[in-house]
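For reference, the structure discussed in these notes is given below.
Given below as structure tokens:
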């Protein structure tokens with residue numbers, strides 16, 4: 007197997023030119039799919055026989071919560087890659103991804119709390135699932151704060167990578183907290199091993215929303231990484247050419 | 006369609022407050038993310054362009 011792609015991926019210049027045509031189409035596809043999923047879920051999906059219409063919060067809560075975890079997994083992998091191979095792109099990825107993950111975790115917490123009120127009768131309980139997602143949010147905020155407060159770029163890169171890797175411990179806690187521990191939170195909606203418990207007219211819109219949000223985030227991530235690359239590589243001649251010759 | 010009229014849709018059974026506040030907050034968060042991303046992108050390019058142009062004339 008050739009590792010050329012791996013080395014190329016480590017080059018900011020290569021990533022910049024490769025990713026350039028992708029951001030907008032991926033982002034637009036994401037918006038479209040998300041919109042279809044949400045409208046379908048809000049207007050056309052049948053109401054839940056127990057929860058009534060409050061169950062429709064699932065169409066934003068689940069996609070956002072999935073993203074909050076996936077973004078962190080990606081951060082952890084990037085942190086590991088940076089600590090082992092010192093790859094230049096890894097800290098750029100972490101810097102671009104952390105704010106996205108933080109927003110996802112925050113929306114997951116807030117929409118979950120709002121959903122909890124009519125369903126469980128309470129906004130918040132200190133059980134394993136809710137607490138571990140709150141920890142996830144603080145991990146994101148910690149990474150952002152570290153990067154903003156350390157002036158030394160080398161140190162900031164390393165510190166952010168270390169937290170990203172260490173915080174990975176939290177992910178299995180989030181994932182298995184609803185399966186193994188006593189909790190108010192219901193079990194996972196989608197699993198790889200068996201069919202969802204919901205009928206298709208309920209989970210199909212959710213699938214659209216999940217795929218849409220993944221693409222939405224991918225588009226944003228590419229744009230954020232591009233900005234970060236330009237900021238860090240401003241001394242190279244290709245950045246000068248890029249910025250002065252291309253309008254936007 | 007799960008609703009018979011627009012007002013029924015907006016009422017969400019008895020759950021209008023919960024459904025719409027959850028979606029409202031989510032929309033706010035996602036919009037902020039898009040705005041922040043595009044603003045950073047514009048600012049980065051503007052700052053760098055100005056710096057390069059200034060250095061050229063000097």
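Chains as they are written, first to last, in the working numbering: chain V, 7 to 254; chain E, 6 to 63. We treat Cβ as the ideally placed atom computed from N, Cα and C, and that holds for glycine.
Rounded straight-line distance, which links the Cα of residue j to that of residue i
{"i": "residue 16 (chain E)", "j": "residue 234 (chain V)", "result": "44 Å"}
{"i": "residue 202 (chain V)", "j": "residue 40 (chain V)", "result": "20 Å"}
{"i": "residue 51 (chain V)", "j": "residue 213 (chain V)", "result": "13 Å"}
{"i": "residue 32 (chain V)", "j": "residue 222 (chain V)", "result": "7 Å"}
{"i": "residue 52 (chain E)", "j": "residue 247 (chain V)", "result": "14 Å"}
{"i": "residue 156 (chain V)", "j": "residue 162 (chain V)", "result": "6 Å"}
{"i": "residue 94 (chain V)", "j": "residue 170 (chain V)", "result": "16 Å"}
{"i": "residue 26 (chain E)", "j": "residue 63 (chain V)", "result": "10 Å"}
{"i": "residue 307 (chain V)", "j": "residue 130 (chain V)", "result": "Since the first and last residues shown for chain V are 7 and 254, residue 307 (chain V) lies out of range."}
{"i": "residue 54 (chain V)", "j": "residue 75 (chain V)", "result": "26 Å"}
{"i": "residue 15 (chain V)", "j": "residue 21 (chain V)", "result": "6 Å"}
{"i": "residue 180 (chain V)", "j": "residue 138 (chain V)", "result": "6 Å"}
{"i": "residue 49 (chain V)", "j": "residue 206 (chain V)", "result": "15 Å"}
{"i": "residue 96 (chain V)", "j": "residue 241 (chain V)", "result": "19 Å"}
{"i": "residue 177 (chain V)", "j": "residue 168 (chain V)", "result": "15 Å"}
{"i": "residue 116 (chain V)", "j": "residue 12 (chain V)", "result": "38 Å"}
{"i": "residue 24 (chain E)", "j": "residue 59 (chain E)", "result": "52 Å"}
{"i": "residue 189 (chain V)", "j": "residue 199 (chain V)", "result": "22 Å"}
{"i": "residue 218 (chain V)", "j": "residue 7 (chain E)", "result": "23 Å"}
{"i": "residue 118 (chain V)", "j": "residue 140 (chain V)", "result": "11 Å"}
{"i": "residue 57 (chain E)", "j": "residue 244 (chain V)", "result": "12 Å"}
{"i": "residue 13 (chain E)", "j": "residue 41 (chain E)", "result": "35 Å"}
{"i": "residue 18 (chain V)", "j": "residue 32 (chain E)", "result": "32 Å"}
{"i": "residue 166 (chain V)", "j": "residue 160 (chain V)", "result": "10 Å"}
Chain-ordered neighbours of residue i on chain V, where CB pairs are closer than 7 Å
{"i": "residue 42 (chain E)", "result": "226, 229, 230"}
{"i": "residue 38 (chain E)", "result": "106, 109, 226"}
9 Å Cβ cut-off: residues of chain V touching residue i
{"i": "residue 15 (chain E)", "result": "Going along chain V, no residue has its Cβ under 9 Å from residue 15 (chain E), so there is no contact; the nearest lies around 11 Å."}
{"i": "residue 58 (chain E)", "result": "250"}
Contact list for residue i against chain E, beta-carbon separation under 7 Å
{"i": "residue 240 (chain V)", "result": "53"}
{"i": "residue 117 (chain V)", "result": "27, 30, 31"}
{"i": "residue 113 (chain V)", "result": "30, 31, 34"}
{"i": "residue 5 (chain V)", "result": "Shown here, chain V extends from 7 to 254; a query on residue 5 (chain V) therefore has no answer."}
{"i": "residue 233 (chain V)", "result": "45, 46, 49"}
Cross-chain neighbours of residue i in chain E, by beta carbon under 9 Å
{"i": "residue 120 (chain V)", "result": "22, 23, 24, 26, 27, 30"}
{"i": "residue 70 (chain V)", "result": "31, 34, 35"}
Residues that residue i contacts on chain E, provided the C-beta gap is smaller than 8 Å
{"i": "residue 200 (chain V)", "result": "By Cβ distance, chain E contributes nothing, its closest Cβ being about 26 Å from residue 200 (chain V), past 8 Å."}
{"i": "residue 236 (chain V)", "result": "49, 50, 53"}
{"i": "residue 27 (chain V)", "result": "Within chain E, no residue comes near residue 27 (chain V); the closest Cβ sits about 16 Å away, beyond 8 Å."}
{"i": "residue 245 (chain V)", "result": "53"}
{"i": "residue 123 (chain V)", "result": "23"}
Integer-rounded CB distance, given that residue j should sit under 8 Å from residue i
{"i": "residue 29 (chain E)", "j": "residue 112 (chain V)", "result": "Not a contact, Cβ separation roughly 14 Å."}
{"i": "residue 89 (chain V)", "j": "residue 65 (chain V)", "result": "About 38 Å separates the two Cβ atoms, so there is no contact after all."}
Validate contact between the segment 229–244 of chain V and the segment 93–108 of chain V using beta carbons, cut 8 Å, 3 pairs: Under the 8 Å Cβ criterion, the segment 229–244 of chain V counts as touching the segment 93–108 of chain V, having at least three qualifying pairs.
Under 8 Å, with one C-beta from each stretch per pair, do the segment 133–149 of chain V and the segment 108–117 of chain V reach the 3-pair mark? They touch, by the three-pair rule.
Can you list, in chain order, the residues of the segment 49–65 of chain V whose Cβ is nearer than 7 Å to any Cβ on chain E? If the cut-off is 7 Å between Cβ atoms, the segment 49–65 of chain V has 49, 50, 51, 52, 53, 58, 59, 60, 62, 63 near chain E.
I want to know whether the segment 131–142 of chain V touches the segment 46–61 of chain V - three or more CB-CB distances under 8 Å. Under the three-pair Cβ rule at 8 Å, the segment 131–142 of chain V does not count as touching the segment 46–61 of chain V.
Are the segment 78–86 of chain V and the segment 123–130 of chain V in contact at 8 Å, needing three or more beta carbon pairs? The segment 78–86 of chain V, when compared against the segment 123–130 of chain V, does not touch it at the 8 Å Cβ threshold.
Chain E contacts from the segment 200–220 of chain V (Cβ-Cβ distance under 9 Å): Using a CB distance below 9 Å, the part of the segment 200–220 of chain V facing chain E consists of 219, ordered along the chain.
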